[in-house]
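One structure below.
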Amino acid sequence: MTQSKSKFPIVPFIVGGILIVGGLGFIAWHRSSSSAATAAASADEAPTPAPAPVKVVRARLAPVETLVDAQGAFVASQGGSARIAPASAGRLSQVFVREGERVQIGQLLALVDSRSAQAAVRSAQAALGAAGADTQSASLGTQVAQSDAQNATAQAQTGLKSAQADRDTSVQSARAALTQALSDTRKASLAANTSDLSNAITQARLGVTVARTDAQSSVQAAQNALAQAQTDYDKTRAGARPQEIAAAQAALESAQATQSRAQIEVTRSQRLYDKGLFARRQLDDAQTALQVATQSTESARAALDLLRAGAVAQDVEAARLRVTAAQNTLSAAKQSGDAKVAQAQAQLSLAQSALRQTAPQRGEDIRASSSRVQAAREALDSAIKSGDAKVAQAQATLRAAQSGALTVASKRADERSKLEAQNAKVADLQSAQVAVSQTEVRSPLNGTVVKRLLNTGENADVTTPVVEIASSSALDFVAQLLPFDAARVAPGQMARVILDGGPTLDARVESIGTVDATTGLQSVRLSVAGTANATSGVVAKVQIVVERRLASVTIPPTALLSRGGKTVVLVAQGGVAHEVEVTVGTKTNAFVEVRKGLKPGDVVITQGGYELEDGAEVQLTQTTK
Numbered sequence: 010m011t012q013s014k015s016k017f018p019i020v021p022f023i024v025g026g027i028l029i030v031g032g033l034g035f036i037a038w039h040r041s042s043s044s045a046a047t048a049a050a051s052a053d054e055a056p057t058p059a060p061a062p063v064k065v066v067r068a069r070l071a072p073v074e075t076l077v078d079a080q081g082a083f084v085a086s087q088g089g090s091a092r093i094a095p096a097s098a099g100r101l102s103q104v105f106v107r108e109g110e111r112v113q114i115g116q117l118l119a120l121v122d123s124r125s126a127q128a129a130v131r132s133a134q135a136a137l138g139a140a141g142a143d144t145q146s147a148s149l150g151t152q153v154a155q156s157d158a159q160n161a162t163a164q165a166q167t168g169l170k171s172a173q174a175d176r177d178t179s180v181q182s183a184r185a186a187l188t189q190a191l192s193d194t195r196k197a198s199l200a201a202n203t204s205d206l207s208n209a210i211t212q213a214r215l216g217v218t219v220a221r222t223d224a225q226s227s228v229q230a231a232q233n234a235l236a237q238a239q240t241d242y243d244k245t246r247a248g249a250r251p252q253e254i255a256a257a258q259a260a261l262e263s264a265q266a267t268q269s270r271a272q273i274e275v276t277r278s279q280r281l282y283d284k285g286l287f288a289r290r291q292l293d294d295a296q297t298a299l300q301v302a303t304q305s306t307e308s309a310r311a312a313l314d315l316l317r318a319g320a321v322a323q324d325v326e327a328a329r330l331r332v333t334a335a336q337n338t339l340s341a342a343k344q345s346g347d348a349k350v351a352q353a354q355a356q357l358s359l360a361q362s363a364l365r366q367t368a369p370q371r372g373e374d375i376r377a378s379s380s381r382v383q384a385a386r387e388a389l390d391s392a393i394k395s396g397d398a399k400v401a402q403a404q405a406t407l408r409a410a411q412s413g414a415l416t417v418a419s420k421r422a423d424e425r426s427k428l429e430a431q432n433a434k435v436a437d438l439q440s441a442q443v444a445v446s447q448t449e450v451r452s453p454l455n456g457t458v459v460k461r462l463l464n465t466g467e468n469a470d471v472t473t474p475v476v477e478i479a480s481s482s483a484l485d486f487v488a489q490l491l492p493f494d495a496a497r498v499a500p501g502q503m504a505r506v507i508l509d510g511g512p513t514l515d516a517r518v519e520s521i522g523t524v525d526a527t528t529g530l531q532s533v534r535l536s537v538a539g540t541a542n543a544t545s546g547v548v549a550k551v552q553i554v555v556e557r558r559l560a561s562v563t564i565p566p567t568a569l570l571s572r573g574g575k576t577v578v579l580v581a582q583g584g585v586a587h588e589v590e591v592t593v594g595t596k597t598n599a600f601v602e603v604r605k606g607l608k609p610g611d612v613v614i615t616q617g618g619y620e621l622e623d624g625a626e627v628q629l630t631q632t633t634k
């Protein structure tokens, strides 16, 4: 029993605890229900949020260039720079230019000590003066000798011409006397030769016969012409015969038939030509044949009309006049023939009279003429011998004068020797002057001094440049690119060189170099248009256009959002923002190229969309076209 008491007294405490816990739970549940109800009531009473204000722009098509940006510097174009060294070695007495200074072609850049070269020039000038004096003296000697030889030769030639003229005059006079004597002898012999007179009589008789024959032929020809003219006159007066009119009528009908066939051929050819079955040349041939046939018809008709009309009064009168002219011609032929016969008979009478007058006295005349011939021959031989002797003497004098030419030749040889010596001195002077000019270092081009390598007082030689000059009119731009970017560049691509604080110059890629082992960069050479504002060594930026697309979808850069590792834009449509994933291409400060996800005209949010969710309501406050 005692154990029982001691065991059960804690039961009331347990029951009380359970009651307390249950009460607390009820109170908590009641409060929770009241709070939920209160919250639900508050939610039902809150207002709907307003659409978010945003700024938008329409996606549009625009030309887009893919650029490779790089930096570089202006350099002289290939062949546009020069490292200039003196042409002769020596100490530089003065260097006139500084780095960055602009120079012109031919401008004096530096001087090498030229005192020894100047001394050589003065010595060469003195030697040339002495050689010139010797040459002048030799030239005067040649001129004197040549003048003397020319005068002597001229006098000898004049004497020779005079001797030849005297000889020719004497010989001509002697020959004339001989000719006269021979003529007198022939006349005397002819007068004494009766057989010659007989021959003359025979020739005169033959002349009479020929004259009569010619007269008869002329008269007969005139009579024939008169008969023909009379026949034509009679025929003209009588008019055309029926046979002739019939033949003309037949010719006209034949011509008309030919014309008709030609017209049919032209019509057929025109039809075939219009259908493309005939060439133009065939149609032209047919038309030409028609023209010829038409002309033939008109000619035949005119001939027939003329025959039918008969001869007019003018034709009859012309035929009568031709008869009168033929009669006059016959009369003239008779008179001319009679005159020629009379003349031949007169010549015959003269020959017969001469034969009768021949006398024995003429034999003495022949002997006297022969004596005169012999004397004339002797005189001719004497004139020839005397004239030849005088000519030979004059020729000897001329040869003696011409021998003076040997003296002239000797003088000329001496003059040439002196002149050659003078020319050698001229060459020496020119060589010395060249040596002086080689001490001058001059600019071979217009440009800028980019390096001054030696200073006044330093020694220079032909292998040691004094200055380096880059042409100002032919500059290239060399850009330094990473190999990855250089792989996208190709010769011929256009580019823009942007000067710091200056203009933007158009350029073109000319060549691509190799990777530099030290810098790891690859050089790209570009030709630049209008480099007046640049000089060699000036640093600038370049944008190379590696790709150009004429129409790409573009939007402002502020429209791009990055969400969940993706690039998206919010497109406003019907007052609701729709999230669209896009693929972008070229990016600049002004625009972003969208290659996928948008189309031209889509309205994209540029401001106010950063905290908007997909499907949020928006209110457009500004639209940029």
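Numbering (the working numbering), first residue to last: 10 to 634.
For every residue, glycine included, the Cβ atom is placed at its ideal position computed from N, Cα and C.
1) Please tell me whether L101 and V475 are closer than 8 Å, where the distance is taken between their beta carbons.
2) With H, G and I counted as helix, E and B as strand and the rest as coil, what does DSSP make of G497?
3) Where does the unbroken beta strand (DSSP E) through T563 begin, and where does it stop?
4) For G81, count neighbouring Cβ atoms within 10 angstroms of its own Cβ and tell me buried if that reaches 16, exposed if not.
5) Can you say whether R67 is buried or exposed, counting buried as having 16 or more other CB atoms within 10 angstroms of its CB?
6) How many Å lie between E387 and K196 at the Cα?
7) Just tell me which of D324, T306 and L407 has its CA closest to the CA of A163.
8) Would you mind working out which of A341, D470 and P512 sits nearest T540, comparing C-alpha positions?
9) Return yes when the Cβ of L235 is within less than 8 Å of the Cβ of V332, no when it is not.
10) May I have a chain-ordered list of the beta strand (DSSP E) segments no shorter than 3 residues that lie completely inside the region 503-536?
11) Could you tell me the boundaries of the beta strand (DSSP E) in which S308 lies?
12) In angstroms with no decimal places, state the Cα-to-Cα distance between S378 and T222.
13) If you reduce the DSSP assignment to three classes, tell me which class S97 lands in.
14) For a quick check, are the C-beta atoms of L484 and V548 less than 8 Å apart?
15) So what does DSSP say about V106, is it helix, strand or coil?
16) Report the partner residues of G81 according to the DSSP bridge assignment.
17) How would you label R277, buried or exposed, when you count the other beta carbons within 10 angstroms and need 16 or more for buried?
18) For E602, does the count of other Cβ atoms within 10 angstroms reach 16, so buried, or fall short, so exposed?
19) Would you tell me roughly how many angstroms separate the C-alpha atoms of K596 and G88, rounded to the nearest one?
20) In chain order, what residues of the same chain lie with their CB nearer than 7 Å to the CB of Q411, ignoring the 5 residues before and after it?
21) Hey, is the region 620-630 in contact with the region 59-76, meaning 3+ C-beta pairs nearer than 8 Å?
22) Here's a check: name, in chain order, each residue in its chain whose Cβ is nearer than 8 Å to the Cβ of N468, leaving out the five neighbours to either side.
23) Excluding the 5 residues preceding and the 5 following E449 in the sequence, name in chain order all residues of the same chain whose CB lies nearer than 7 Å to its CB.
24) Does the distance from the C-beta atom of T592 to that of R69 stay below 8 Å?
25) Excluding the 5 residues preceding and the 5 following S470 in the sequence, name in chain order all residues of the same chain whose CB lies nearer than 6 Å to its CB.
26) Since Q531 contacts P492 with CB under 8 Å, what's their CB separation in whole angstroms?
27) Using CA atoms only, rank isn't needed, just tell me which of A496, S561, L359 and D623 is closest to R214.
28) Who are the near neighbours of P18 in its chain, counting only those whose CB is closer than 7 Å to its CB and skipping five residues on each side?
29) Between which residues of its own chain and A154 is the CB-CB distance below 6 Å, once the five residues before and five after are set aside?
30) Return the residue from the list A59, P60, A61 and E74 that minimises the CA-CA distance to Q502.
31) Cβ of L299 within 8 Å of Cβ of Q272?
32) Using the Cα positions of R451 and S440, report the straight-line distance between them to the nearest angstrom.
33) Residues in its own chain within less than 7 Å of D175 by CB, not counting five upstream and five downstream?
34) Please return the same chain residues whose Cβ sits closer than 6 Å to the Cβ of Y282, not counting the five positions on each side in sequence.
35) Indicate the three-state DSSP secondary structure (helix, strand or coil) for T592 in the structure shown.
36) For the structure I just gave you, are there three or more beta carbon pairs, one from the region 606-614 and one from the region 572-582, closer than 8 Å?
In short:
1) Note that the C-beta distance between L101 and V475 is below 8 Å.
2) Note that residue 497 is Arg in the sequence shown here, rather than Gly. DSSP, read as helix, strand or coil, puts R497 in coil.
3) V548 to I564 is the extent of the beta strand (DSSP E) around T563.
4) Result: buried.
5) With fewer than 16 Cβ atoms within 10 Å of its Cβ, R67 is classed as exposed.
6) Distance between the alpha carbons of E387 and K196: 22 Å.
7) That would be L407, whose Cα lies nearest to the Cα of A163.
8) Among A341, D470 and P512, the Cα nearest to that of T540 is on P512.
9) In terms of Cβ geometry, V332 and L235 form a close pair [threshold 8 Å].
10) Taking only runs of at least 3 residues, the beta strand (DSSP E) segments lying wholly in the region 503-536 are 503-507 and 513-524.
11) S308 -> not in any beta strand (DSSP E); alpha helix (DSSP H) instead, spanning R289 to A318.
12) A direct Cα-Cα distance of roughly 43 Å separates S378 from T222.
13) DSSP places S97 in coil when its eight states are reduced to three.
14) Not a contact, by the Cβ cut-off of 8 Å.
15) In the structure shown, the three-state DSSP call for V106 is coil.
16) Its beta-bridge partners are A488 and A549.
17) That one is exposed.
18) Residue environment for E602: buried (at least 16 other C-beta atoms within 10 angstroms of its C-beta).
19) Straight-line Cα distance between these residues: approximately 39 Å.
20) T162, listed in sequence order.
21) Touching, per the Cβ criterion.
22) Within the same chain, N468 has close Cβ partners A98, G99, R100 and L101.
23) The residues are L117 and L120.
24) No.
25) Checking the displayed sequence, the identity of residue 470 turns out to be Asp instead of Ser. Once the five neighbours on either side are set aside, the close Cβ partners of D470 are A98.
26) That belief holds up - the Cβ atoms of Q531 and P492 are roughly 5 Å apart, short of 8 Å.
27) Of A496, S561, L359 and D623, the residue nearest in Cα terms is L359.
28) Since pLDDT at P18 reaches only 40, below the 50 mark, its modelled position is unreliable, and the value read off the structure follows with that caveat. For P18, where only same-chain residues beyond five positions count, there are no Cβ hits under 7 Å.
29) Cβ neighbours of A154 beyond the five flanking positions: T416, V417 and K420.
30) Residue nearest to Q502 within the set A59, P60, A61 and E74 is E74 (criterion: CA-CA distance).
31) Going by C-beta atoms, L299 is nearer than 8 Å to Q272.
32) Those two C-alpha atoms are separated by around 19 Å.
33) Close CB contacts of D175 within its chain, under the 7 Å cut and outside five residues either way in sequence, are with G396 and K399 (chain order).
34) These residues qualify, in order along the chain: L292.
35) Strand at T592.
36) With the cut-off at 8 Å, the region 606-614 and the region 572-582 touch.
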